[in-house]
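The sequence shown lines up with residues 1 to 134 when you count with the working numbering.
Even for Gly, the Cβ is constructed at its ideal location relative to N, Cα and C.
All values derive from a computational prediction rather than experimental measurement.
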Amino acid sequence: MKTLSKSMQAFLAQKGLRIDVHHGRNLLHPVVLGDGTVETTMSREEFFLAQSGDDKAVVEMGGKRIPLTRTSFGNLISPNGGFTSVHIVNGENESVYMGKYNFSSTAAFDKTRGLLQALRKALHGTKVLSGFEQ
Numbered sequence: 001m002k003t004l005s006k007s008m009q010a011f012l013a014q015k016g017l018r019i020d021v022h023h024g025r026n027l028l029h030p031v032v033l034g035d036g037t038v039e040t041t042m043s044r045e046e047f048f049l050a051q052s053g054d055d056k057a058v059v060e061m062g063g064k065r066i067p068l069t070r071t072s073f074g075n076l077i078s079p080n081g082g083f084t085s086v087h088i089v090n091g092e093n094e095s096v097y098m099g100k101y102n103f104s105s106t107a108a109f110d111k112t113r114g115l116l117q118a119l120r121k122a123l124h125g126t127k128v129l130s131g132f133e134q
């Protein structure tokens with residue numbers, strides 16, 4: 001699957017299109033950001049931004065608020081659920097196609113499968129992949 005994903009990305013790049021990918025992971029415990037916003041899904045990038053900001057985010061666990069640390073991401077994410085969204089962007093930096101794949105709450109999270117499924121949804125009914133060979 002990983003080879004297929006890389007081949008598809010290279011094919012789209014030849015057509016002048018770029019793929020922006022966002023993976024969101026379900027959290028086992030809510031994360032409270034510095035502004036009070038409560039998050040139940042986060043990407044790795046969002047997590048590290050939250051833990052390194054001036055207003056440190058905290059995890060709500062058992063009635064306690066525990067500061068995030070760089071190593072707590074792996075302990076906070078659920079192995080199941082989450083989502084992958086893609087925006088296919090043209091040379092003018094405009095999003096021309098969008099797709100999102102939601103993992104069921106019992107399905108193991110897999111970046112490659114999520115990317116392929118989100119791309120399939122984004123490109124369904126288009127001719128963008130005409131000529132693509134695995």
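* Helix, strand or coil for L27 per DSSP? -> Strand.
* Complete runs of the alpha helix (DSSP H) confined to the stretch 97-129 [at least 4 residues] -> Correct list: 111-123.
* In three-state DSSP terms, what is M1? -> Here M1 sits in coil by DSSP.
* **Pairwise C-alpha distance: G63 and Q96** => First, the residue type needs correcting, since residue 96 is Val and not Gln in the sequence shown. Taken atom to atom, the span from the alpha-carbon of V96 to that of G63 is near 44 Å.
* Buried or exposed (CB count within 10 angstroms, at least 16 for buried), Q51 -> The C-beta of Q51 has 16 or more other C-beta atoms within 10 Å across all chains shown, which makes the residue buried.
* Return the chain-ordered list of same chain residues with a C-beta closer than 6 Å to the C-beta of E94, the five sequence neighbours on each side being excluded. => No residues qualify anywhere along the chain.
* Asked: Taking C-beta to C-beta, are S43 and R25 nearer than 8 Å?
  -> In contact: S43 and R25 (Cβ atoms closer than 8 Å).
* Does the beta-carbon of L116 have 16 or more other beta-carbons within 10 angstroms, so that it is buried, or is it exposed? -> Buried, because 16 or more other Cβ atoms sit within 10 Å of the Cβ of L116.
* E60 - DSSP class collapsed to helix/strand/coil -> Shown here, E60 sits in a strand according to DSSP, grouped into three states.
* Take the Cβ of G82 as the centre, count every other Cβ of all protein chains shown within 10 Å, and call the residue buried at 16 or more, exposed below. => Around the beta carbon of G82, 16 or more other beta carbons sit within 10 angstroms, so the residue counts as buried.
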